[in-house]
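Those protein sequence lines, which keep their order, are chains A and B.
The opening position of the first sequence corresponds to residue 145 in the working numbering, with each subsequent residue numbered one higher.
The opening position of the second sequence corresponds to residue 48 in the working numbering, with each subsequent residue numbered one higher.
Below: the structure, in structure tokens.
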Amino acid sequence: MNKKIQDAGAAGDDESRRDFLLLTTGLVGTVGAALSAWPFIDSMNPAADVLSLSTTEVDLSPVETGQSITVVWRGKPVFIRHRTEQEITQARNVDLAELRDPVPDEDRDIRPEWLVVVGVCPHLGCIPLGQKPGQPRGEWGGWFCPCHGSQFDTSGRIRKGPAPTNLVVPPYRFINETSIQIG
Amino acid sequence: MITSKSAHPVVKWIDERLPVFTFLNRELRDYPTPRNLNYWWSFGSIAGVVLVVMTLTGIMLAMQYTAHMDYAFDSVERIMRDVNYGWLLRYLHMNGGSMFFIVVYIHLFRGIYFGSYKSPREILWALGVVILLLMMATAFMGYVLPWGQMSFWGATVITNLFSAIPLVGDSIVNWLWGGYSIANPTLTRFYALHYLFPFLIFVVVALHLVALHMVKSNNPLGVDAKEPQDTIPFHPYYTAKDFFGFGVFFLVYLGFVFFAPDFFGEPDNYIPANPLATPPHIVPEWYFLPFYAILRVVPDIEVFGFILVEAKLAGVILMFGSILVLFFLPWLDSSKVRSARFRPIFKQFFWIFLADCLLLGWVGANPPEGSFVVLGRIGTAFYFAYFIIIIPLVARFEKPLPLPSSVVSSVLNEKKGERS
């Protein structure tokens, strides 16, 4: 009889011991499984060779005043416009209160004659027209997106249409007088 | 149906419309399992885990791999160097292949030792052999994809096996290749099939499990579990045991992945495929070595000086025959006693057979010259003699030891023996 009582006591201790073991091993196992999912997920992020393509150098010397060029940066078009005096004045003399996404033109360029923007419409990702002579540039002389009719001014700012923000200015710097590095 | 009143109303609602919970309950929780299964029985579920790991890593690799003879090798190197954790995914997949075969071979030899292929488990066994064949095809095609020297020449040698078929052999080989040599069409079709076959394996594994749950697990004693006391519910007893097995397995598997990732590989496969130069010594992956040995050592089969079957064709027939013979094992072994524990003579031959398979593997890894050819021929002869002569004869003439009356009586007797 004595032994029976001992057994019963042991069984009670056992139960809480087992619950503890089940809980802790279960927890460690779950956390481990969750962590081991990371390499699988991360393998779909941009790989090293993709990241290494994230800067582009551009020689600006052949671009005459009034001309535009399109270069590729991270697989996306970047518009570079050598702006005329008239276009610069037009961009700078805007009442910021008129703008949907108010940013002064001074904050959108390093040198006023060069405007560098990512050529992807912030609405749904189409490429706006206006780079080539003869393409529509919209009412504000910048770019016109053919997909849903967004219009941008000579500073690449949204003026009319569904796009919520201005054309994005990518990070870039002048490496010398006539060339820039984007990214 | 879940009749328990404690079931959550949502669970109940779903279960009355789609009985998933009833199914899981019956097959993974209450499923009656012999109470005496040892760790050799963990290898089936470990194989299932490896299949899942192989599928997951394989899908991630497929997102990065380029199936084109000009880009395949470089795309694998890109996975190794540039893709985030690409080295890990590839090494998991590469070593996972080897682990899969180790686990499945242990599973298979366990089946042979404990007589798990005998009535009523013949179809269960046959489905297992089908899985093995599908695995071999999948592994072979996967090995071609990195497009290294061993990939290319392994593919050349193995596909050329089919040229041994009389009359139509060459046409079949050209059909397999999609050309007159291993080239881009071969690579793209191997890639497509390497992606398809694992899903076929999943289907056959599902059938394997349906068959298993129909006839229930064998056990180390090989006597049927009849009484309720002979069995315990699968959960928590065998879920816990299996998870412990997974833990040990992953220690070994990840040990290779992290500390010796190229242990099972051939250095030659890091040289891009060159159709104009064969490496001096071609060997398949280790898990094919015994079969490769059989292929190479078979001579012309002559009857009274006439060549009945040429060596090339005979080698191919025996190589495929060495696996196909497994299908007939349930009928070759007519002994009513399943477990080798009660079959003293069968047990000895089992270990000789296992040693013979290892010997053939060793022969397969060495050049087919001199004494290796002789050893290989002896090994091949014993391999087939084991199935076709030894097993039927032993079944007939062996006097098995007395069987325990039930699983539970044997287990309790053992316990008593330990105490006294």
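In this text, a Cβ means the ideal position worked out from N, Cα and C, and glycines have one as well.
Since we're looking at a predicted model, the values are computed, not measured.
Partner residues in the beta bridge of B/Gly-195, as assigned by DSSP, are B/Pro-319. At least 8 Å separates the CB of A/Asp-163 from every CB of chain B. Interface residue (Cβ-Cβ distance to chain A less than 8 Å): B/Asp-121 is not classified as such. For the 8 Å CB-CB criterion, B/Met-101 and B/Phe-147 form a contact. Shown here, A/His-226 sits in a strand according to DSSP, grouped into three states. Along the segment 378 to 391 of chain B, there is no position whose C-beta sits under 9 Å from a C-beta of chain A. One finds nothing in chain B with a Cβ atom closer than 7 Å to the Cβ of A/Ser-198; even the nearest lies about 13 Å away. In the DSSP assignment, A/Tyr-316 falls within the unbroken beta strand (DSSP E) covering 316 to 320.
Residue contact check for A/Pro-246 against chain B: no CB pair falls below 8 Å. Listed along chain A are Ser-187, Met-188, each with a C-beta nearer than 9 Å to that of B/Met-110.
Chain B places a beta carbon closer than 8 Å to that of A/Asp-193, counting this residue as a contact. With its beta carbon less than 8 Å from one in chain B, A/Phe-184 belongs to the interface. If only uninterrupted beta strand (DSSP E) runs of at least 3 residues are considered, those enclosed by the segment 272 to 348 of chain B are 278 to 280. Secondary structure remark: continuous beta strand (DSSP E) runs of at least 3 residues inside the segment 56 to 110 of chain B, in chain order: 79 to 81. The shortest C-alpha to C-alpha distance from B/Phe-246 to any of B/Leu-98, B/Phe-434, B/Gly-91 is the one to B/Leu-98. Residue contact with chain A for B/Asn-221: absent (no Cβ-Cβ distance below 8 Å to any residue of chain A). Beta-bridge pairing by DSSP links A/Glu-201 to A/Gln-325. Per DSSP, the unbroken alpha helix (DSSP H) holding B/Gly-408 starts and ends at 391 to 412. Around the beta carbon of B/Pro-283, a 10 Å sphere encloses fewer than 16 other beta carbons of the protein chains shown; the residue is thus reported as exposed.
For A/Phe-288, there is no enclosing alpha helix (DSSP H); the residue is found in the beta strand (DSSP E) stretching over 285 to 288. Contact between the segment 104 to 123 of chain B and the segment 301 to 315 of chain B is absent: fewer than 3 CB-CB pairs across the two stretches fall below 8 Å. Interface annotation, B/Arg-76: not in contact with chain A, CB-CB separation never under 8 Å.
For B/Val-130, the neighbours in chain A by C-beta distance under 8 Å run, in chain order, Ser-187, Ala-191, Ala-192. Cβ contact annotation for B/Thr-104 (same chain, cutoff 6 Å, sequence separation greater than five): Leu-136, Leu-139, His-140, in chain order. Per DSSP, the beta-bridge partners of A/Leu-273 are A/Phe-288. For A/Ser-187, no alpha helix (DSSP H) encloses it, and the DSSP letter there is neither H nor E.
Within the segment 199 to 227 of chain B, the complete alpha helix (DSSP H) segments at least 4 residues long are 216 to 224, listed from N- to C-terminus. Spatial neighbours of B/Ser-228 in its own chain (CB-CB distance under 7 Å, excluding positions within 5 residues in sequence) are listed in chain order as Pro-322.
Put simply, of B/Leu-376, B/Val-270, B/Arg-343 the residue whose alpha carbon is nearest the alpha carbon of B/Val-421 is B/Arg-343.
One thing to note: A/Val-260 has its Cβ within 8 Å of the Cβ of A/Val-313.
As computed with DSSP, A/Thr-214 is found in a beta bridge with A/Phe-223. For B/Val-220, the CB contacts under 8 Å within the same chain, skipping 5 residues up- and downstream, are Thr-206, Asn-207, Phe-209, Ser-210 in chain order. DSSP places A/Arg-281 in the coil class of the three-state scheme, outside both helix and strand. Note on B/Met-182: 16 or more other CB atoms within 10 angstroms of its CB, so buried under the neighbour-count rule. Shown here for A/Phe-318: same chain residues with a beta carbon closer than 6 Å to its own, the five before and five after excluded, namely Ile-324 in chain order. Annotation: the continuous alpha helix (DSSP H) that includes B/Lys-359 extends over 358 to 379.
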